[in-house]
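Residue numbers (the working numbering), protein chains in the order written: chain A, 3 to 110; chain B, 193 to 704.
Remarks on the structure that follows.
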Amino acid sequence: MDLENTKAQMRKGILEYCILSILSGNSCYASDIIKGLKEGKVIVVEGTLYPLLTRLKNAGLLSYRWEESLQGPPRKYYELTAEGVKYLNELDSSWKELVESVSLLRKK
Amino acid sequence: MDKSVKINLAGTLFQIDEEAYHTLRDYLQALNSRFKNVPGGNETIEDIESRISEIFQSQGGTAGVMTKDNVEAMIGIIGKPEDFEAHEQAAGFQSETHWKKRLYRNPDERIISGVCGGIGSYLNIDPVWVRLIFILFTFTAGIGLLLYIALWVALPVAFTDSQKRELYGESFNYAANGSSDPRGNLAANNLGNVINEIFGAIGKFFYVIFRIFAIAFGVMFVLLGFISLLTFFFLLFVRNQGILPVELHGNFFYLPDFLNFVVNPSLTPWICLLFGIVIVLPLLAIIYWGIKMIFWFRSRDGVISLIALVLWFLSLTALVIILAGQGLSFSQTGHATSAIVIENPPDTIYVVTSRKIADLKYNRDLIIPDNAYAMYANTDSLQLSIRANVGYETSGDKTARVEIVKTSLGTGIVDASRKAESLPYNYKFSHDTLYIDEYFTLPRDRKWSGDEIETRLFVPDGTILWFEKPSSNFSLMWRHDDGEIMRWEPASNYQVVTSDGLHSSKSSKYKK
């Protein structure tokens with residue numbers, strides 16, 4: 003059994019949940035999200051984030067607006083759509099259930 | 193490394209040395225092949241490029257030259273495409289997203305326009321069968337052809353991956369799409385290939401024919417547009433006579449001057465401008481369409497077309513409002529008729545003109561082709577004179593009379609009749625002679641409103657008429673009994689009035 007692989011699979015499973023959580027209540031630019039994900043040790047390289055953002059956006063969970071930046075090109079600021087908030091709430095409760103199930107199992 | 197290259201990343205220019213350039217290029221190519229077939233892949237690539245640009249700026253700024261170390265550090269941050277992990281398979285967004293199937297024209301299966309290819313892809317069958325069905329139905333009163341053209345016009349082309357995904361439905365294979373030939377799996381189907389090639393040739397043939405027609409129409413449009421435009425400009429702005437055919441008499445060049453007599457002179461430039469827009473915009477559009485048909489290019493002209501259309505419509509509306517505001521409504525015709533009964537009609541009636549056009553002082557004349565209507569303007573004294581007409585009819589009995597019919601246009605019959613009545617005109621019948629003017633001049637406070645004056649002589653059959661020779665295009669009209677008016681120029685001064693018309697007569701029965 004490959005421990006690293008199992009860990010990676012677990013991280014991968016919650017990556018979208020993490021992105022939506024970071025964006026909950028505030029709009030962020032890609033680097034802010036990356037900073038958050040890196041602090042949480044959920045991703046290793048930045049490149050992982052971009053295709054995910056595109057996909058979440060195309061699924062209607064995120065939207066973005068352009069903002070001029072003093073250094074460099076204009077930045078995309080992402081935020082949750084109403085659908086995204088609903089999606090996140092469902093993930094929240096499903097996460098709680100998961101944690102409860104695991105801790106319940108651990109107590110036995 | 194002494195050689196360096198300039199590159200543009202997300203809108204920022206970077207100086208980069210050759211070695212670093214090769215590394216960067218390989219990295220970008222790897223990204224490209226990783227994402228190009230993923231829905232929204234282009235956007236992902238753009239996002240990453242803009243991040244690269246940001247990292248480069250934080251590293252060395254645009255002033256310095258980027259080195260291989262910089263590029264490698266950047267790759268370390270963003271990671272290689274193979275390190276991005278295969279979320280596509282894990283996340284399963286695609287299968288969860290509801291893809292609605294939609295019909296598009298398929299550019300990858302195109303022979304003429306991709307209509308059949310699109311239907312084939314949509315139904316997941318070889319387009320060759322769709323083509324056969326269309327051909328078959330073309331022989332039934334052309335229904336197939338009509339349907340084909342309608343679909344060609346109505347269906348959009350599936351350009352993007354997501355559109356193709358909608359077109360193909362579940363069978364769409366991102367990896368197989370693009371560079372590889374989607375018809376490759378038909379290699380074994382020889383019949384299909386042969387028919388496809390035949391259709392390909394027919395399609396090319398029709399396309400060439402179509403293009404020839406399009407170019408011919410395009411050239412016609414451009415020429416038509418240019419000639420009309422030139423004519424328009426010559427008419428209104430280049431007051432140079434002699435370019436136009438003689439019938440036009442070269443007098444349309446003074447249209448703006450005549451406009452002063454129709455509306456308040458301060459409005460004339462505005463009316464000319466609006467009128468210019470109303471005329472010129474459609475001509476420009478025709479020229480543009482022509483050019484587009486000749487060169488067959490795609491352009492984003494929707495916004496400009498819309499602006500032009502709105503501008504045209506506004507100009508037209510403004511023009512109508514201004515003209516209406518000037519009381520320039522010519523919807524109704526009004527007449528004012530006065531008559532003189534000639535007691536004991538003489539055998540010969542003499543028609544003599546008192547005020548002659550030849551003596552009129554004018555510097556602008558406008559003569560409507562065929563001499564039907566003539567106006568003479570004096571732009572210094574601001575007076576407009578209009579030629580009067582004269583006509584004859586047999587009275588059908590032994591009586592004779594002269595009728596002076598004044599006609600004007602106006603907003604209503606009452607308004608028009610009042611205008612007609614106010615037209616000044618001198619006429620007198622004395623003994624055996626009718627004295628009339630060759631023209632009438634509008635009162636100074638009166639704008640032009642299609643005013644006309646016609647003197648009509650009703651005389652017994654066989655009466656001889658003597659005319660003074662008109663001084664200048666004085667119009668002589670003869671009215672048939674069926675009401676048709678004909679222009680007629682007398683060959684000699686003496687004319688006999690008969691029910692068949694006027695005939696030359698050598699002399700009067702009596703000496704004058």
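Each residue gets a CB set at the ideal place from its N, CA and C atoms; glycine is no exception.
Residue range E210 to F227 is occupied by the alpha helix (DSSP H) that includes H214 (chain B). For Q251 (chain B), the three-state secondary structure derived from DSSP is helix.
Note: K620 (chain B) is bridge-paired with B:Y627 in the DSSP secondary-structure output. Interface criterion not met: the Cβ of Y79 (chain A) is under 8 Å from no Cβ in chain B.
Annotation: the continuous alpha helix (DSSP H) that includes L511 (chain B) extends over G494 to G517.
Within the same chain, Cβ atoms closer than 8 Å to the Cβ of M485 (chain B) are found at A406, I407, F409, G410 and F413, the five residues on either side in sequence being excluded.
If you look at Q11 (chain A), you'll find it isn't in any beta strand (DSSP E); it sits in the alpha helix (DSSP H) that goes L5 to L25. With a cutoff of 8 Å on beta-carbon distance, L503 (chain B) and I469 (chain B) are scored as near each other.
Only E235, T236, D239, I240, S242, R243, S245, E246 and Q249 from the stretch 233-254 of chain B bring a Cβ to less than 7 Å from some Cβ of chain A. Three or more beta-carbon pairs separated by less than 8 Å link the stretch 641-650 of chain B to the stretch 575-585 of chain B, which places the two stretches in contact. Excluding five sequence positions before and after F329 (chain B), the CB atoms of its chain that fall closer than 6 Å to its own CB belong to I335 and G336, given in chain order. It is roughly 14 Å from the alpha-carbon of K293 (chain B) to the alpha-carbon of V349 (chain B). Under DSSP, V533 (chain B) takes part in a beta bridge, and its partners are B:R593. For A32 (chain A), a Cβ of chain B is located within less than 8 Å of the residue's own Cβ. No Cβ of chain A is located within less than 8 Å of the beta carbon of F402 (chain B).
The C-beta of P273 (chain B) comes closer than 8 Å to at least one C-beta of chain A.
A straight line joining the alpha-carbon of E18 (chain A) with that of P231 (chain B) spans about 18 Å. Among the bridge pairs identified by DSSP, K260 (chain B) is matched with none. Between G309 (chain B) and R357 (chain B), the alpha-carbon positions lie close to 14 Å from each other.
A distance below 6 Å between beta-carbons, with the five flanking residues on each side excluded, links L22 (chain A) to the following residues of its chain, in chain order: L90. Inter-residue distance for A10 (chain A) and K43 (chain A) is about 11 Å (C-alpha atoms, whole angstroms). Put simply, of B:I513, B:T236 and B:V257 the residue whose alpha carbon is nearest the alpha carbon of Y213 (chain B) is B:V257. Contact residues of the stretch 202-219 of chain B toward chain A are A202, G203 and T204 (C-beta to C-beta distance below 7 Å).
In the DSSP annotation of this structure, the continuous segment of the beta strand (DSSP E) that includes V544 (chain B) starts and ends at T540 to T545. Where K611 (chain B) is concerned, the enclosing alpha helix (DSSP H) starts and stops at I605 to E613. Note: V349 (chain B) is bridge-paired with B:R297 in the DSSP secondary-structure output.
When the beta-carbon positions are compared, K548 (chain B) and E644 (chain B) stay at least 8 Å from each other. Distances from the CA of E264 (chain B) to each of B:S609, B:D218 and B:V689 were compared; the closest alpha carbon is that of B:D218. The beta carbon of V197 (chain B) lies closer than 8 Å to those of Q207, I208, D209, E210 and Y213 in the same chain, with the five residues before and after it left out.
Close partners of T83 (chain A) in chain B (Cβ separation under 8 Å) are lacking, with about 15 Å as the shortest Cβ gap. For the pair Q73 (chain A) and L421 (chain B), the Cα-to-Cα distance works out to about 52 Å.
Where D94 (chain A) is concerned, the enclosing alpha helix (DSSP H) starts and stops at A84 to K109. Between F227 (chain B) and K59 (chain A), the alpha-carbon positions lie close to 16 Å from each other. When beta bridges are read from the DSSP output, Y66 (chain A) appears opposite A:Y80. Put simply, the stretch 530-541 of chain B touches the stretch 590-599 of chain B. At least three CB pairs are less than 8 Å apart.
For R57 (chain A), a Cβ of chain B is located within less than 8 Å of the residue's own Cβ.
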